[in-house]
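A quick write-up on the structure given underneath.
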Amino acid sequence: MPSPKPSRPITFRPDEPMLKGQLKYILVLLLAMVLLVVVQLSTPPPLDWSPSFSREDKIPYGNFILFALLPDVFPRTAVSIVQDPIYTVLTGDTIDAEARLNRNYASGSDDADDAYDDYRDAEPDSAATFDSASTRSLFRSKSAITQRSTTYMFIGGNYVGSFLPDKLDVEYLLQFVSEGNTVFIAAQRFDASFLDTLRLRVGNYYEVANLGVKTDNAETGGGLSLESKLDSLGINFINPALRAKSDYRTRRTDGSHAYFTRFDSLKAEALGMNSKGYVNYLRLRFGKGFFYLNTVPYAFTNYNLMMAPNSEYVFKALSYLPVQPVLWDEFYKVGRRESRTPLRYILSNEALRWAYYLTIASALLFITFESKRRQRIIPVVAPPPNMAVEFVETVGRLYYQNGDHKDLATKKITFFLDDLRSSYMVRTTAFDAEFYETLARKSGIAESDLKTLFTFITQQGMRSSVSEIDLKQLSAMIDNFYKKSN
């Protein structure tokens, strides 16, 4: 009996088909994981309704739009961004800025020092009454950015629309205004020592949507009553030249509406009020300068600026400010800037980051060794062809065969007027002098040309039939409008 032949030893060859197939799957999986990471990083977060009042935020309650429009509001002037406390900006010095940001002096003024008590009882117009010896010596070293008349703007604040700097910053801000500068503050709450110095008092009107509950709460107390109302409170100006026919209506995260309950009418001038008759915008003389205080910071946010009537309120409110260099505050804002996407938060934490990497590695191993096909190949279904051009040609031939020029003219006029309303924010119910003036200003076309166009449109709209020549002329005039417009 012949002896069996020895079996050939099994050797591993890199070029075997099995390894080639695995390499293909590994490359596909790696590409899929890279795409997954890219998608995760590029996926926008859900809409953030938190109030940040920051120039960098395009969220509803950020100030991206307002900051972008400042060069139009203050032409030929410099707009500087400041990210330091008031004391540091005005003196160029630093005193533990981050620690001082968290000190809140808004809960009463019982612990105010004697210098504040003496100054609060003095005449606000006098800059010398505030100019203590220590303040004078420090203020002489103020930074070069404030060597000439300047406007310091604060929108919102570090506690959800609250202007709450510490006492040292308040002291230097008052001195800054007394020397002839301007400060604009839009906030719902103000520092107590700041209000006491200016002899102001702020109250709040609370609205609870759909419940009809109103609470009037001033600094010294308040009451509760029931009233049917809307979910927002109208605001307007007192000056007849600026006052709108209908109130501007803003939206906010809560139902709180702040207003001034007390101010010195000899030093302060009411510029605006809400639909309840409460003053919400003041101009207050202090020394040689002015404070402009507005209690509706949400009116200056992206969401309300995108609403056509409300943008008018912002420009009118800022029109009171002098045209001079502007300091835009970014220090007294809500919180600090952090990563907002879930993936970036995970990667910022060491434990979560390693857990994330381990999960990815486990998924790669699982897919590598368990990626066998378990079903038949799904046939490729070709998408339907694009018949848009053929459809337009068919509709065009139908209109041409029908020969109803009046119907075509009516549709073209309707679409043109709708585009004017959406693009230029003008009313097209009546072609009067105000309409021509507004459209000419926004489109850059002479009023005479506009009158010719809309007179012809009116004539065609009144006719029972339109000729082919008139239809072509109408189309040419509308096309000419778009060529000349901005």
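With this note's numbering, letter number 352 in the sequence shown gets 1174, and the count goes up by one each step, no holes. Glycine is no exception: its CB is placed at the ideal position from the N, C-alpha and C atoms. This one's a predicted model, so the numbers in the text were calculated from it and none came from an experiment.
- When the beta-carbon positions are compared, Gly1109 and Asn1058 stay at least 8 Å from each other.
- The shortest C-alpha to C-alpha distance from Ser864 to any of Thr1190, Arg877 and Arg1166 is the one to Arg1166.
- With a threshold of 16 other beta carbon atoms within 10 Å, Lys1138 meets it and is buried.
- In this structure, DSSP gives Ile903 an extended state, which the three-state scheme calls strand.
- Distance from the CA atom of Leu1169 to the CA atom of Met855, rounded to whole angstroms, is 16 Å.
- At a Cβ-Cβ threshold of 8 Å, Gly1266 and Asn1208 do not count as neighbours.
- Nearest neighbour of Asp1069 by Cα position, chosen from Gly1056, Asn1061 and Ser1078, turns out to be Gly1056.
- Counting only the Cα atoms, Leu857 lies some 32 Å from Ser876.
- Contact annotation: Tyr1027 and Tyr1081 have beta-carbon atoms nearer than 8 Å.
- Bridge pairing for Ile1057: Tyr1070 and Asn1096 [DSSP].
- For Ser1270, the uninterrupted alpha helix (DSSP H) run begins and ends at Glu1269 to Met1284, by DSSP.
- Between Leu1104 and Phe1085, the gap from beta carbon to beta carbon is short of 8 Å.
- With respect to the 8 Å criterion, Asn1126 and Thr1083 are not classified as neighbours on the basis of their beta carbons.
- Within its own chain, the residues whose Cβ lies closer than 8 Å to the Cβ of Lys1264, once the five positions on either side in sequence are excluded, are Tyr1246, Met1247, Val1248 and Asn1308, listed in chain order.
- Restricting attention to Phe976, Pro1131 and His1227, the CA atom closest to the CA of Leu1064 is found in Pro1131.
- Closest in C-alpha terms to Val1145, from the list Tyr909, Lys1305, Val895 and Thr1280, comes Val895.
- Distances from the CA of Tyr847 to each of Asn1116, Thr1190, Tyr883 and Arg1285 were compared; the closest alpha carbon is that of Thr1190.
- Between Asp1292 and Gln1282, the CB-CB gap stays under 8 Å.
- For Gly1218, the enclosing alpha helix (DSSP H) begins and ends at Ala1210 to Asn1224.
- Asp915 and Pro1147 have their C-alpha atoms roughly 21 Å apart.
- Taking a contact as a CB-CB distance under 8 Å, the pair Val982 and Pro868 does not count as one, their CB atoms being some 20 Å apart.
- Between the region 901 to 913 and the region 1175 to 1191 there are fewer than three C-beta pairs closer than 8 Å, too few to call the two in contact.
- DSSP places Ser984 within a strand segment (E or B) once states are collapsed to three.
- Ala1090 is bridged by DSSP to Leu1106.
- For Ala1008, the closest alpha carbon among the candidates Thr1117, Trp1150 and Ser971 is that of Thr1117.
- Nearest to Tyr1178 by C-alpha distance, out of Thr1280, Gln862, Leu1017 and Ser1141, is Gln862.
- Proximity to Arg1023 across Ile977, Asn1102 and Arg898 peaks at Asn1102, based on C-alpha coordinates.
- Gly978 and Ser1133 have their C-alpha atoms spaced approximately 17 Å apart.
- Per DSSP, the beta bridge partners of Arg1023 are Arg1084.
- Under the criterion of beta carbons closer than 8 Å, Phe1113 and Val1005 qualify as touching, at roughly 5 Å.
- Secondary structure of Ile977 (DSSP, three-state): strand.
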